[in-house]
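**Q** Numbering (the numbering used here), first residue to last: 1468 to 1876.
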Amino acid sequence: MTLKLIYEYDAEGEFYQKIEIPYENQLPAEILKKLELPEGIDFNYGVVIDGKAPNWFYSYLAYQCQNAAWVGCYYPQLEGAIVVHSQTPTVEVGQIQGSTKNNLLNGNLELKVNEVITVDGDRYQCLLIHAVDISPQVLDSLTLPSDLNWNREIVLWGQAPVWLYTHLVMRCQQASWVACYNIRTTEAVVVVSQCPKLVPGDKFKLVPKSPCPAIVFGGPPNSGKSLLGYTLKETLVKMGWNNKVYLHRTTWDGEGDWFAQMMRTNPELANELSKIAGRRKKPENTAEYFSQQAEVIKEIRRYTDLVLVDLGGMPREADKILLPSCTHYIIISNSKEAVDEWHKFFQIVKTDTEEELIPLAVIHSVEDKKVKIVNREPYLEIIAGPWRYGETETAPQELVEQVMKLIRE
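1. How many angstroms separate the CA atom of residue 1631 from the CA atom of residue 1606?
2. Kindly list the residues whose CB is nearer than 6 Å to the CB of residue 1851, restricted to its own chain and excluding five residues on each side of it in sequence; keep chain order.
3. Using C-beta distances below 7 Å, list every residue in its chain close to residue 1680, excluding the 5 sequence neighbours before and after it, in chain order.
4. Under the DSSP definition of a beta bridge, which residues are partnered with residue 1564?
5. Helix, strand or coil, according to DSSP, for residue 1619 in the structure here?
6. In whole angstroms, give me the CA-to-CA distance for residue 1587 and residue 1828.
7. Using a Cβ-Cβ cut-off of 8 Å (strictly less than) and excluding sequence neighbours within five positions of residue 1758, which residues of its own chain qualify?
8. Considering only the beta carbon of each residue, do residue 1620 and residue 1591 sit closer than 7 Å?
9. Tell me whether residue 1612 sits in a helix, a strand or coil according to DSSP, three-state version.
10. I need the DSSP call for residue 1873, collapsed to helix, strand or coil.
11. Using the three-state DSSP reduction, which class does residue 1749 fall into: helix, strand or coil?
12. Compute the Euclidean distance between the alpha carbons of residue 1808 and residue 1715, then round it to the nearest angstrom.
13. Residues in its own chain within less than 6 Å of residue 1654 by CB, not counting five upstream and five downstream?
14. Between residue 1859 and residue 1702, is the Cβ-Cβ spacing less than 7 Å?
15. What residue from 1766, 1550 and 1603 has the CA that sits closest to residue 1676's CA?
16. Going by beta carbon distance, what residues of the same chain come within less than 7 Å of residue 1426, once the five residues before and after it are set aside?
17. Looking at the structure shown, is residue 1832 part of a helix, part of a strand, or coil, going by DSSP?
18. Where does residue 1718 land, buried or exposed, given buried means 16+ other C-beta within 10 angstroms?
19. Along the chain, where does the alpha helix (DSSP H) that runs through residue 1581 open and close?
20. From the DSSP output, in three-state form, read off residue 1804 for me.
21. What does a CB cutoff of less than 8 Å around residue 1692 pick up in its chain, not counting 5 residues either side in sequence?
22. Determine, for residue 1628, whether the minimum Cβ-Cβ distance to residues of chain C falls below 7 Å.
23. Over the uninterrupted alpha helix (DSSP H) stretch that includes residue 1522, give me the two end residues.
24. Where do the ends of the beta strand (DSSP E) carrying residue 1854 lie?
25. Taking 7 Å as the cut-off, decide whether the C-beta atoms of residue 1609 and residue 1647 are in contact.
26. Here's a check: name, in chain order, each residue in its chain whose Cβ is nearer than 7 Å to the Cβ of residue 1840, leaving out the five neighbours to either side.
27. So what's residue 1638 in DSSP terms, helix, strand or just coil?
28. Residues bridged to residue 1632 by DSSP?
29. Using DSSP with H/G/I as helix, E/B as strand and the rest coil, what is residue 1770?
30. Within the same chain, show all residues whose beta-carbon is closer than 6 Å to that of residue 1470, passing over the 5 residues directly before and after it, in chain order.
31. State the Cα-Cα distance for the pair residue 1835 and residue 1678, rounded to the nearest angstrom.
32. Quick one, which of 1556, 1791, 1575 and 1618 has its alpha-carbon nearest residue 1626's?
33. Residue 1535 to residue 1517, Cα distance in whole Å?
34. According to DSSP, is residue 1479 helix, strand or coil?
35. Check whether the Cβ atoms of residue 1580 and residue 1612 lie closer than 7 Å to each other.
36. Leaving out five residues on either side along the sequence, give the residues of the same chain with a beta carbon under 7 Å from the beta carbon of residue 1475.
This is the structure we're talking about:
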């Protein structure tokens, strides 16, 4: 991989440098062992890291650039770079460079010292992250747990923004070594090391458990499918399931949580960025791509308590390869005629190793603000709406209760 160095100026005319990460469908941890920074970086100025990459990749780059005046991670929904490390009095950690967005949220951030066990039987010190609706400003006053043992290793674990991971790595660099856990690849990758035992690029897996349920969403375009997945995840997170539910998007347009958040404030830019990403990241072999996604879902199910799967778009034959990796399905449709089509789509051929998908709910998507129960058996059927970004902040309570039953079981 070749990292690209770009010279830019922010809205105030201040000079900074951007390290652009080229898109790669899969980034092996071993890439860190031979990765080199672009030539020509002037550490007297700020450095911004930009591109779609795992938390460990960002963290490694930030650590390598720690001598810069400041280091930031570009964050699309704020249209600016969040400063995660600074050595200059004019730029503060937590500051959003180049953005006029006000992102002061009353979120919740907790850091706890825990322990993780690897498949090889090693027990490592873990810094467990619980982050809900946090703003970059939390970095300015963030304190680490007093019982963190600096003579040991630190494994960062938890669903959190990449800028928080990057900042924590910078704060924890004095430890024996630091690793970032990435649930998408279900492995922890070493990014900083002060000892010869483990070096950046080394990785390890944690002890897996029995596969958890996986709910796949289906429905025609403009029904609210992606918004439903996002709001359901956010609702569960706010109920305390932050590190126990994972939303996996199988499309290649890069529509992560940033897209849902940006759609509230700047839908035009959000859609444009999604289109650009979709054109740039479309795989050459879609059958191979979806086959890989199926294996990713199977793997993630062994390391969390619930997986939500967003197919996106219209039903395609290539998508069906994902279905055996799931256990249940939810249909959300703005057309009654399309509901039967999606029921048929989710009916997979049963084999000795595959179970039929269980219908969990059918949501008839409407423009009006309402939630009406139609049936509870054999699955939940409701009329609900509207499904518009900025208006729908939580999932219907009846649906949440159905999903919670799966988690409790």
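Glycine residues also receive a C-beta, built at the ideal position from the N, C-alpha and C atoms.
Keep in mind that this is a model prediction, so the values were computed, not measured.
**A** Let me lay it out:
1. Position 164 of the sequence shown, counted from the start, is the residue given in the question as residue 1631. Position 139 of the sequence shown, counted from the start, is the residue given in the question as residue 1606. Taking the straight line joining both Cα atoms gives about 8 Å.
2. Mapped onto the sequence shown, residue 1851 falls at position 384. Leaving aside the five residues that flank residue 1851 on each side, the residues in its chain whose CB is nearer than 6 Å to its CB run, in chain order, 1830, 1838 and 1863.
3. Within the sequence shown, numbered from 1, the residue matching residue 1680 stands at position 213. 1773, 1794, 1795 and 1873.
4. In the sequence shown, counting from the first residue as 1, residue 1564 sits at position 97. Answer is 1548, bridged to residue 1564.
5. Residue mapping note: residue 1619 aligns to position 152 of the sequence shown, counting from 1. In this structure, DSSP gives residue 1619 a state outside helix and strand, which the three-state scheme calls coil.
6. On the sequence shown, position 120 is the one that residue 1587 refers to. On the sequence shown, position 361 is the one that residue 1828 refers to. Between the alpha carbons of residue 1587 and residue 1828 lies a distance of about 40 Å.
7. Indexing the sequence shown from 1 puts residue 1758 at position 291. Cβ within range, chain order: 1788.
8. Here the question's residue 1620 lines up with position 153 in the sequence shown. Here the question's residue 1591 lines up with position 124 in the sequence shown. Taking a C-beta distance under 7 Å as the contact criterion, residue 1620 and residue 1591 qualify as a contact pair.
9. As a position in the sequence shown, residue 1612 is number 145, starting the count at 1. DSSP, read as helix, strand or coil, puts residue 1612 in coil.
10. By 1-based counting over the sequence shown, the position of residue 1873 is 406. Helix, per DSSP.
11. The residue you call residue 1749 lines up with position 282 of the sequence shown. Here residue 1749 carries a coil assignment [DSSP, helix/strand/coil].
12. The count along the sequence shown starts at 1 and reaches residue 1808 at position 341. The count along the sequence shown starts at 1 and reaches residue 1715 at position 248. Cα to Cα, the separation comes out at about 23 Å.
13. The residue given as residue 1654 occupies position 187 in the sequence shown. The answer, listed in chain order, is 1670 and 1672.
14. What you label residue 1859 is simply residue 392 of the sequence shown in a count that begins at 1. What you label residue 1702 is simply residue 235 of the sequence shown in a count that begins at 1. No; because the gap between Cβ atoms is not below 7 Å, this pair is not in contact.
15. What you label residue 1676 is simply residue 209 of the sequence shown in a count that begins at 1. Closest in C-alpha terms to residue 1676, from the list 1766, 1550 and 1603, comes 1766.
16. Outside the shown range of the chain, which is 1468 to 1876, sits residue 1426, and nothing can be said about it.
17. Residue 1832 sits at position 365 when you count from the first residue of the sequence shown. Strand.
18. One-based indexing of the sequence shown puts residue 1718 at position 251. It is buried - the Cβ of residue 1718 has at least 16 other Cβ atoms within 10 Å.
19. Counted from its first residue, the sequence shown places residue 1581 at position 114. Element bounds for residue 1581: not the alpha helix (DSSP H) but the beta strand (DSSP E), 1575 to 1584.
20. Translated into positions along the sequence shown, residue 1804 becomes position 337. Here residue 1804 sits in helix by DSSP.
21. The residue labelled residue 1692 in the question sits at position 225 within the sequence shown. Excluding residues up to 5 positions away in sequence, 1684, 1685, 1686, 1777, 1778, 1779 and 1799 lie with their Cβ nearer than 8 Å to the Cβ of residue 1692 in the same chain.
22. Although the question refers to chain C, the structure presented lacks it and comprises just one protein chain.
23. Here residue 1522 is taken as the residue at index 55 of the sequence shown, counted from 1. Start and end: 1522 to 1531.
24. The count along the sequence shown starts at 1 and reaches residue 1854 at position 387. Note, residue 1854: premise wrong, no beta strand (DSSP E); not H, not E.
25. Residue 1609 sits at position 142 when you count from the first residue of the sequence shown. Residue 1647 sits at position 180 when you count from the first residue of the sequence shown. Contact flag unset, no.
26. Mapped onto the sequence shown, residue 1840 falls at position 373. The beta carbon of residue 1840 sits closer than 7 Å to those of 1849 and 1865, all from its chain and outside the five residues before and after it, given in chain order.
27. For the purposes of this step, residue 1638 is taken as the residue at position 171 of the sequence shown. Here residue 1638 sits in helix by DSSP.
28. Position 165 of the sequence shown holds residue 1632. For residue 1632, which the question treats as bridged, DSSP gives no partner whatsoever.
29. The sequence position of residue 1770 within the sequence shown is 303, counting from 1. Residue 1770 falls in the coil class under three-state DSSP.
30. Position 3 of the sequence shown, counting from 1, holds the residue named residue 1470. A distance below 6 Å between beta-carbons, with the five flanking residues on each side excluded, links residue 1470 to the following residues of its chain, in chain order: 1486 and 1505.
31. Taking the sequence shown and counting its residues from 1, the one referred to as residue 1835 is at position 368. Taking the sequence shown and counting its residues from 1, the one referred to as residue 1678 is at position 211. When the Cα atoms are used, residue 1835 and residue 1678 turn out to be separated by approximately 38 Å.
32. Within the sequence shown, numbered from 1, the residue matching residue 1626 stands at position 159. Looking at the Cα atoms, 1575 is the closest of the given residues.
33. Taking the first residue of the sequence shown as 1, we reach residue 1535 at position 68. Taking the first residue of the sequence shown as 1, we reach residue 1517 at position 50. Cα-Cα distance, rounded: 16 Å.
34. Working through the sequence shown from its first residue, we reach residue 1479 at position 12. If DSSP states are grouped into helix, strand and coil, residue 1479 belongs with coil.
35. Along the sequence shown, one-based indexing puts residue 1580 at 113. Along the sequence shown, one-based indexing puts residue 1612 at 145. Yes, Cβ-Cβ distance for residue 1580 and residue 1612 is below 7 Å.
36. On the sequence shown, position 8 is the one that residue 1475 refers to. For residue 1475, the CB contacts under 7 Å within the same chain, skipping 5 residues up- and downstream, are 1483 and 1485 in chain order.
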